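**Q**
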Amino acid sequence: MGSKRLLVPAAVVGTLLLAGCSAETNAQWKRLGLPEGASDRTEAVRSLWIGAWIAALVVGVMVWGLILYAVVRYRRRNEEAPRQTRYNLPLEVLYTLAPFAIIGVLFFYTVENGNRITAMSDSPQHTINVVGQQWQWTFNYHETVNGEEGVWETGTLDQPAELWLPVNESVHFDLTSPDVIHSFWVPSFYFKLDVIPGRTNKLELTPTKTGTFAGKCAELCGLYHSRMVFTVKVVTADEYQAHLRDLADRGQTGAATGGQDATTIPGHGEGEK
Ligand SMILES: [Cu+2]
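So the sequence shown is numbered by our numbering: it starts at 56 and just counts up by one.
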């Protein structure tokens with residue numbers, strides 16, 4: 056095939072690729088694919104992610120270099136078999152220790168950043184019980200609103216739930232499930248944690264940016280798993296309190312741990328799974 060026949064499609068693809076590079080895409084490239092972080096825990100994940108890639112690249116460059124050197128330096132020059140090397144102690148020590156060193160460094164940073172990500176404070180400013188149920192979310196805000204203890208909101212398949220959070224205030228999450236395993240995931244928080252029936256998983260974070268973020272279930276949990284999405288709204292403390300009063304005014308006080316609405320599928324029987 057003539058090289059000219061490839062030229063046109065290559066130019067078209069190249070133009071399209073370049074046209075697709077918005078400032079946002081470029082910024083995402085610099086984060087190696089991560090979305091923009093929106094909580095106080097994202098820096099630990101970001102540094103681990105970028106650091107692991109740099110470490111992999113350093114090892115990769117060394118290995119590629121050695122391969123290239125061996126290919127050129129020891130290329131076949133005649134029909135004689137090359138000199139065989141075995142039981143070379145320094146070499147064997149090197150390729151036993153080097154992987155241990157690599158694993159050790161990765162392990163150290165993983166544990167250190169893992170501790171920073173999962174750290175809990177003694178007195179978080181807000182506590183929210185997140186209920187993952189087939190196939191939506193219920194959020195119980197443990198707050199006193201208009202003299203009532205606790206307000207909640209829940210989603211349905213047609214109207215996914217909203218999770219409201221106050222910016223720059225620490226939030227403790229208790230994750231529970233009445234049915235099967237789900238996974239609570241807000242990509243912009245770089246955080247994902249399983250929601251397991253019969254146990255309470257915990258996480259804590261402080262949202263650092265106001266805005267609207269996507270949330271979803273990250274564990275295949277049945278027929279309508281794909282519709283188990285929700286919206287995170289990070290707002291000012293005043294807007295947060297106003298929203299809680301709204302929920303109380305709608306009569307959504309106390310605690311909701313099952314979310315019956317979410318099991319009603321349009322066109323199917325109630326509670327069918
Ligand atoms: Cu789920």
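Where is the CB? At the ideal position from N, CA and C, for every residue including glycine. Just so we're clear, the structure is a prediction, and the values are computed from it rather than from any experiment.
Quick one: what does DSSP say Gln296 is sitting in, helix, strand or coil?
**A** If DSSP states are grouped into helix, strand and coil, Gln296 belongs with the helices.
**Q** If we ignore side chains and look at the alpha-carbon of each, how far apart do Leu299 and Thr193 end up?
**A** Computed Cα separation, rounded: 14 Å.
**Q** Quick check for students: name the residue ranges of the beta strand (DSSP E) that lie wholly in the segment 134 to 194, counting only runs of 3 or more.
**A** DSSP runs (the beta strand (DSSP E)) wholly in the segment 134 to 194: 181 to 188.
**Q** Less than 7 Å between the CB of His280 and some heavy atom of ligand 1, yes or no?
**A** True, at least one ligand heavy atom lies under 7 Å from that Cβ.
**Q** Measuring CB atoms only, is the segment 204 to 213 touching the segment 298 to 312, in the sense that at least three cross pairs come out at less than 8 Å?
**A** Result yes; three or more Cβ-Cβ pairs closer than 8 Å.
**Q** Following a CB-centred definition, is Cys76 positioned closer than 7 Å to any heavy atom of ligand 1?
**A** Checking every heavy atom of ligand 1 against the Cβ of Cys76, none is found closer than 7 Å.
**Q** Buried or exposed: where does Ala317 fall if 16 or more other Cβ atoms within 10 Å of its Cβ makes it buried?
**A** Because Ala317 carries a pLDDT of 49, less than 50, the predicted location of this residue cannot be relied on, and no value is offered for it.
**Q** Which residue comes first and which comes last in the alpha helix (DSSP H) that contains Asn81?
**A** Asn81 -> alpha helix (DSSP H) spans Ala78 to Lys85.
**Q** Tell me the residue span of the beta strand (DSSP E) that contains Ala286.
**A** Note on residue identity: the sequence assigns Thr, not Ala, to residue 286. It spans Val284 to Val290 - the beta strand (DSSP E) in which Thr286 sits, taken as one unbroken run.
**Q** Going by C-alpha distance, which of Ala303, Phe244, Asn256 and Gly277 is nearest Arg96?
**A** Residue Phe244 is the option with its Cα nearest to Arg96.
**Q** Given a cut-off of 8 Å on the beta-carbon distance, is the pair Asn256 and Leu230 in contact?
**A** Their beta carbons are under 8 Å apart, which means Asn256 touches Leu230 by this criterion.
**Q** Mind checking which residues open and close the beta strand (DSSP E) that includes Glu204?
**A** Taken as a continuous stretch (DSSP letters only), the beta strand (DSSP E) holding Glu204 covers Glu203 to Thr209.
**Q** Count the other CB atoms, across all protein chains shown, that sit within 10 Å of the CB of Val241; report buried if there are 16 or more and exposed otherwise.
**A** Result: buried.
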